[in-house]
Amino acid sequence: MHVFEVFMQKMRYRLLIEYDGYKYAGWQVQKGQRTVQGEIERALHTILKNSVGITGGGRTDTGVHARGQTAHFDFNYSQDCARLRRSLNGILDSDIRIIEVAETAPDFHARYSAKEREYRYYIARKPVAIQRAYCWYCNYRLDVKRMRQAAALVEEVKDFKAFARTGSDVKHTICNVKEASFKEQKDILIFTIIYAALYKSKILGEDRKNFNVIIALVVALSVIIPHVLGTYPAGYDIRKFRGISCRRDRN
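The sequence shown maps to residues 16 to 266 in this note's numbering.
So this is what it looks like as structure tokens:
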């Protein structure tokens, strides 16, 4: 009697995902909460008849949206990628769309293989109705010129510890910022920040908590820099931001 043992190498698949995070408690699976990752994993379970865990390229917070979130998962059998994409979109609610499913290299990692990340923050300069779920409304005057000057300084900063949450356990606050800019789109101000991986390190992949660092940075650019008339004393502007970013201390 001959006994044969067959060792099957798992296939790795890459997902390109777009979603509206308004109704979700963020990306990551949380007990008792509806999340983007949880919805996709449930859909995969329905199709593949197996429990499949997916790894995302980043973890967005409640109400945050994504146009190009990347994720990967492993499965024992080869899949028709186009058919799998159609099946997933047929099960998922319309606020989550699978843009692409592709077979990828075994060593591809949605988080650690990323070369750069791009975040955009939309700031409404007047009350909005249709875009209210996609903007942060500022009810004070913004000095866009000074904000742009400060954004230019961001590209010079390497260590963003000054913008980390007090008491945070963030391991890395070093970012290689490739672009930090403000663009005006009628009454919407768009802040774009793009940062890249630092050589072969995993700092880019460990940026979950750096997301809060970026939020603090946006607040600093929008609140400290504007020089709100009658609210802040003269000189509470670009020099203040430069001082904060250099001293590596949020207080």
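Glycine included, each C-beta is placed from N, C-alpha and C at the ideal position.
Here the structure is a predicted model, which is why all the values come from computation and not from measurement.
Buried or exposed by the 16-neighbour rule on C-beta atoms within 10 Å, applied to residue i
i      : result
Ile55  : buried
Ala125 : buried
Ile208 : buried
Ile114 : exposed
Tyr39  : buried
Gly83  : exposed
Arg135 : exposed
Arg49  : exposed
Arg101 : exposed
Proximity winner among the options, relative to residue i (alpha-carbon distances)
i      : options                        : result
Tyr149 : Val79, Ala165, Pro121          : Val79
Thr61  : Tyr28, Lys25, Leu103           : Leu103
Asn65  : Gln43, Tyr39, Tyr92            : Tyr92
Arg132 : Tyr37, Ile205, Gly73, Gly53    : Gly73
Arg147 : Ala117, Lys193, Asp202, Pro121 : Asp202
Span separating the alpha-carbon of residue i from that of residue j
i      : j      : result
Ala195 : Ala165 : 9 Å
Leu59  : Lys160 : 48 Å
Tyr152 : Ala144 : 11 Å
Gly71  : Glu170 : 27 Å
Ser109 : Cys190 : 34 Å
Ala167 : Gly41  : 30 Å
Val44  : Gln94  : 25 Å
Cys96  : Pro142 : 43 Å
Arg156 : Arg140 : 8 Å
Gln52  : Met26  : 20 Å
Tyr163 : Phe197 : One point to set straight first is that residue 163 is Arg, not Tyr, in the sequence displayed. Roughly 6 Å separates the two Cα atoms.
Pro121 : Leu99  : 19 Å
Tyr37  : Thr77  : 7 Å
Ile32  : Gly68  : 15 Å
Asn154 : Ile138 : 10 Å
Thr119 : Phe88  : 10 Å
Lys46  : Ala129 : 28 Å
Leu63  : Gly105 : 14 Å
Phe206 : Gln200 : 11 Å
Same chain, Cβ closer than 8 Å to residue i, five either side skipped, listed in chain order
i      : result
Leu107 : Glu54, Ile55, Ala58, Ile113
Tyr34  : Val51, His80, Ala81, Gln84, Asp110, Ile111, Arg112
Phe90  : Lys25, Met26, Tyr28, Leu63, Asn65, Val67
Cβ shell of residue i (< 7 Å), same chain only, five flanking positions each side left out
i      : result
Val116 : Tyr28, Leu30, Cys96, Leu99, Arg100
Tyr210 : Glu131, Arg132, Cys190, Asn191, Val192, Lys193
Thr75  : Gly36, Gly41, Trp42, Ala81
Ala86  : Leu30, Ile32, Ile69, Thr70, Gly71, Gly72, Ala125
Phe123 : Arg27, Arg29, His87
In chain order, what are the residue ranges of uninterrupted alpha helix (DSSP H) at least 4 long that sit wholly in the region 93-176? 96-106, 159-169
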